[in-house]
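Here our numbering is used: the first residue of the sequence shown is 1491, the next is one more, and so on. We put the CB at the ideal spot given by N, CA and C, even for glycine. Predicted model, so just to flag it, every value in this text is computed and none were measured.
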Amino acid sequence: MSQKKGKKSVIFIVEDDVLLVKAYQAKFEKEKAEVWVASDGKEAFSFLKKETPNIVLLDLMLPGASGFDILEAIRKNDKWKKVPVIVLTNLGQLQDVERCKALGIDDYIVKANSKISDVAEKVKKYI
């Protein structure tokens, strides 16, 4: 998953399920990516002030702020607005998908319907 020679890709995971985060973190780090993690809206917003990642994996149901709010902030932030965002959630209703598309997501994955390896393959597509 390396972006450039010697430089690791940075994957920002915004997810409050600790076990899921650990599983994704292990997978991506095994593939030589750097992983940043935020478990709630407040942490996610503080990351918007930092260095820009190569991709964001974003849950929609989070404490502190919804993923929709975070997505909107990402798309309004000049440093982050071009960063690919994959929504990774258990909300699978058409209205949720459409709302995310309107906010500029790159992909939408329902967690219950996907394996970690499938998500990792999608991430590789965007990095």
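For residue j and residue i, believed in contact at Cβ under 8 Å, the rounded distance
i, j, result
"V1546", "V1575", "5 Å"
"V1504", "G1554", "Contact flag wrong, Cβ pair sits at about 11 Å."
"A1516", "L1538", "Going by Cβ atoms, the distance from A1516 to L1538 rounds to 25 Å, so no, they are not a contact pair."
Among the options, nearest to residue i - alpha-carbon criterion
i, options, result
"E1519", "E1505, K1532, F1535, I1501", "I1501"
"L1581", "V1600, A1592, K1569", "V1600"
"K1605", "E1533, L1578, V1573", "L1578"
"L1510", "K1615, K1612, S1607", "S1607"
"S1529", "V1573, C1590, V1508, K1614", "V1508"
With 16 other Cβ atoms within 10 Å as the buried cut-off, status of residue i
i, result
"V1525", "buried"
"N1603", "exposed"
"D1549", "buried"
"A1523", "buried"
"L1584", "exposed"
Neighbourhood of residue i by C-beta distance below 7 Å, restricted to the same chain and skipping five residues each side
i, result
"Q1493", "Unreliable placement is indicated for Q1493, whose pLDDT of 47 sits below 50; the coordinate value is still reported in the next sentence. Excluding residues within five positions, the ones whose Cβ falls inside 7 Å are S1499, N1544, I1617."
"K1540", "none"
"R1565", "K1571, L1593, G1594"
"V1587", "Y1598"
Contact set for residue i: own chain, Cβ-Cβ below 8 Å, skip 5 residues either direction
i, result
"G1531", "L1552, P1553, G1554, A1555, S1556, D1559, I1560"
"F1535", "A1555, I1560, A1563"
Beta-carbon proximity list for residue i, same chain, < 6 Å, skipping 5 on both sides
i, result
"V1527", "I1503, V1511"
Subject >> Segments of 3+ residues assigned as beta strand (DSSP E) that fall wholly inside the stretch 1539-1581 >> reply: Fully enclosed beta strand (DSSP E) runs of 3 or longer: 1545-1548, 1575-1579.
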